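J.: In terms of the UniProt record's numbering, the sequence shown has 204 at position 204, counting the first letter as 1, and numbering is strictly consecutive. Even glycine gets a Cβ: it sits at the ideal position worked out from N, Cα and C. Here the structure is a predicted model, which means the values were calculated and not measured. Quick one: structure below, then a few questions.
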Amino acid sequence: MSTSRYPVVLVLIGIASVQFGAGLAKTLFDEASPTTIVWLRLFTSAVVLCAWARPSLRGRSRDDWAVVVAFGVALASMNWAIYQAFSRIPLGIAVTIEFVGPLVLAIVGSRRARDLIWIGLAGLGVLLLGFERGDLTVAGVAFALLAGAAWAAYILLSARTGRRWEGLDGLAVASVVALALLSPLALGRYASDLGSAHIWLIGIGVGVLSSVIPYSCELVALRSLAPSVFGVLMSLEPAAAALAGWAVVGEMLTAVQWVALMCVVVASIGMTRSARTPVAVID
1 MSTSRYPVVL VLIGIASVQF GAGLAKTLFD EASPTTIVWL RLFTSAVVLC AWARPSLRGR
61 SRDDWAVVVA FGVALASMNW AIYQAFSRIP LGIAVTIEFV GPLVLAIVGS RRARDLIWIG
121 LAGLGVLLLG FERGDLTVAG VAFALLAGAA WAAYILLSAR TGRRWEGLDG LAVASVVALA
181 LLSPLALGRY ASDLGSAHIW LIGIGVGVLS SVIPYSCELV ALRSLAPSVF GVLMSLEPAA
241 AALAGWAVVG EMLTAVQWVA LMCVVVASIG MTRSARTPVA VID
């Protein structure tokens, strides 16, 4: 394999892993709440990241802690909201709607008139989803939009955290914060979900697929991959989610929904190539 293709393949593996993990998580929703599965995903990523990064906590300022805690809140909100959406609407549609958050962020960061084309195309995609409402619920769409807003906040806070915390230290600490935020629910109201070894095994598997593998692949890929190329590749997430939904849980999108999805994908690629702010990062 050409060395120039290796980073691209790693990113594509990461994308496939995230969405397959989401599909696997959805198969558990009849046995455990989405909150439980998100908690297990965060538990897995927090343990692995802390063991890997061994973050240094000494000598941190109040501002350092404020930024990383806010980052953790965004991480928890993003994951919890999108899993709530997954439990109510198809994976591909949920991720397409979620993409509105980082796409709006990219639009705000743009100063080019031609980007109005991408704005219009994304708007058309979202509008088209409204014409096929059989698989949609108000709550599912609302949770996907909340996940998108949290994703936009995650992108901004990721950059701020990276300036204050070295390497993966900030992400590791933020993962612990996110885990702590969801623990009262997961260990309280939904504690009975965790009484099954089956739930633990698959939940940890979701954590490996949706967090550990993507983080590892993208960390290596970004050493030699241009951010613009990375952003374009990440724009394939909605399509990957739709394929995972079909392959893992048998979700079929209509022709109109596929057109809507591709409108958002193309708009995201277009904005990624022209905007200063990246459209997507690790989710």
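State the start and end residues of the unbroken alpha helix (DSSP H) segment that holds Cys34.
T.: Numbered from its first residue, the sequence shown carries residue 34 at position 34. According to the sequence provided, residue 34 is Pro. The question's Cys does not apply to it. Taken as a continuous stretch (DSSP letters only), the alpha helix (DSSP H) holding Pro34 covers Pro34 to Ala53.
J.: With 16 as the cutoff for other CB atoms within 10 Å, does Leu233 come out buried or exposed?
T.: Here residue 233 refers to the residue found at position 233 when the sequence shown is read from its first residue. Burial call: buried.
J.: Using the Cα positions of Ala81 and Ser183, report the straight-line distance between them to the nearest angstrom.
T.: Within the sequence shown, numbered from 1, the residue matching residue 81 stands at position 81. Within the sequence shown, numbered from 1, the residue matching residue 183 stands at position 183. Those two C-alpha atoms are separated by around 15 Å.
J.: Go through the UniProt domain "EamA" (140-271) residue by residue and report every complete run of the beta strand (DSSP E) that reaches 3 residues or more, in order.
T.: Whole beta strand (DSSP E) segments, 3+ residues: zero.
J.: Just to confirm my understanding: we take Ile213, look at its own chain, exclude 5 residues before and 5 after, and list those with CB closer than 6 Å. What are they?
T.: Reading the sequence shown from its first residue, position 213 is the one you call residue 213. The residues are Ser17.
J.: Do you know offhand how far Ile119's Cα is from Gly250's?
T.: In the sequence shown, counting from the first residue as 1, residue 119 sits at position 119. In the sequence shown, counting from the first residue as 1, residue 250 sits at position 250. Taking the straight line from one Cα to the other gives about 31 Å.
J.: Helix, strand or coil for Ser61, going by three-state DSSP, please let me know.
T.: Residue 61 sits at position 61 when you count from the first residue of the sequence shown. The answer is coil: DSSP assigns Ser61 none of H, G, I, E or B.
J.: What did DSSP end up calling Thr96 once you bin it into helix, strand or coil?
T.: Within the sequence shown, the letter at position 96 stands for residue 96. Three-state result, Thr96: helix.
J.: Please report the residue range of the alpha helix (DSSP H) in which residue 291 lies.
T.: A question about residue 291 goes unanswered here, because the residues of the chain that appear run from 1 up to 283.
J.: On the three-pair Cβ rule with 8 Å, is the segment 247-263 touching the segment 122-136?
T.: Yes, since at least three Cβ pairs between the segment 247-263 and the segment 122-136 fall closer than 8 Å, the two stretches touch.
J.: In chain order, what residues of the same chain lie with their CB nearer than 6 Å to the CB of Val177, ignoring the 5 residues before and after it?
T.: The residue given as residue 177 occupies position 177 in the sequence shown. So the list reads Val69 and Gly72, once near-sequence residues are dropped.
J.: Between the Cα of Ala149 and the Cα atoms of Thr161, Asn79 and Ile13, which residue gives the shortest distance?
T.: Counting from 1 along the sequence shown, the entry for residue 149 is found at position 149. When each option's Cα is compared against that of Ala149, the closest is Asn79.
J.: Thinking C-alpha only, which one of Ala159, Tyr154, Ala186 and Thr96 is nearest Ser235?
T.: Counting from 1 along the sequence shown, the entry for residue 235 is found at position 235. Taking only the C-alpha atoms, the option nearest Ser235 is Thr96.
J.: Rounded to the nearest angstrom, what separates Gly14 and Cys217 at their Cα positions?
T.: Position 14 of the sequence shown, counted from the start, is the residue given in the question as residue 14. Position 217 of the sequence shown, counted from the start, is the residue given in the question as residue 217. So the two alpha carbons sit approximately 6 Å from each other.
J.: Taking C-alpha atoms, which residue in Trp246, Ala159 and Leu40 lies nearest to Val206?
T.: Reading the sequence shown from its first residue, position 206 is the one you call residue 206. Selected option, being the one with the closest Cα: Leu40.
J.: Consult DSSP for Leu56 and reduce its assignment to one of helix, strand or coil.
T.: By 1-based counting over the sequence shown, the position of residue 56 is 56. First, the amino acid is wrong: residue 56 is Ser here, not Leu. Here Ser56 sits in coil by DSSP.
J.: Whose CA, out of Leu194, Ala244, Trp65 and Ala226, lies closest to the CA of Glu31?
T.: By one-based count along the sequence shown, residue 31 stands at place 31. Of the listed residues, the one whose Cα sits closest to Glu31 is Leu194.
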